[in-house]
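Numbering (the numbering used here), first residue to last: 876 to 979. Taking it in order: structure first as structure tokens, then the write-up.
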Amino acid sequence: MAEVTDASFAAEVIAAELPVLVEFTADWCPPCRQMGPVLAALAEQEADRLRVVQLDVDRNPATTNAYKVLSMPTFIVFRDGEPVKSMVGALPKRRLLEELADVV
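Now the structure itself:
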């Protein structure tokens, strides 16, 4: 799964043609690690409709603060450069797909 940074966020997420699901994550966050396989499967399954990326909150404070992310994992879906949906906490793949149904 691709990682984005403060430096690459505008090009990789804001300017993306497909909707982008950004996971705001941290190495010290057990639920974030739990989401790894779920997000990898989602990225593969939805590759033609959705891009899935991760942003490490500790190494990228500017983007984390810009979107007021306080809890990990936080998921924000961006479409046409704008955040259109936000979810907090680990979710099973089925539930994540349900949440994404109206934005992809």
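Yeah, the Cβ is synthetic: ideal placement off N, Cα and C, and Gly gets one too. Note that the structure is a prediction, hence the values are computed from the model and not measured.
| query | result |
| --- | --- |
| Rounded to whole angstroms, what's the CA-CA distance from W903 to P936? Just pull it up for me. | 16 Å |
| When you compare each of D933, M962 and T900 to V978 by their alpha carbons, which one comes out closest? | M962 |
| List the residues that DSSP assigns as beta-bridge partners of L945. | None; L945 has no bridge partner. |
| Report, in whole angstroms, the separation of the C-beta atoms of F1013 and V895, which I expect to be a contact under 8 Å. | With the chain covering 876 to 979 only, the question about residue 1013 has no answer from this structure. |
| Report the option in D881, V888 and V927 whose CA atom is closest to the CA atom of L975. | V927 |
| Determine the DSSP secondary structure at T880, reduced to helix, strand or coil. | coil |
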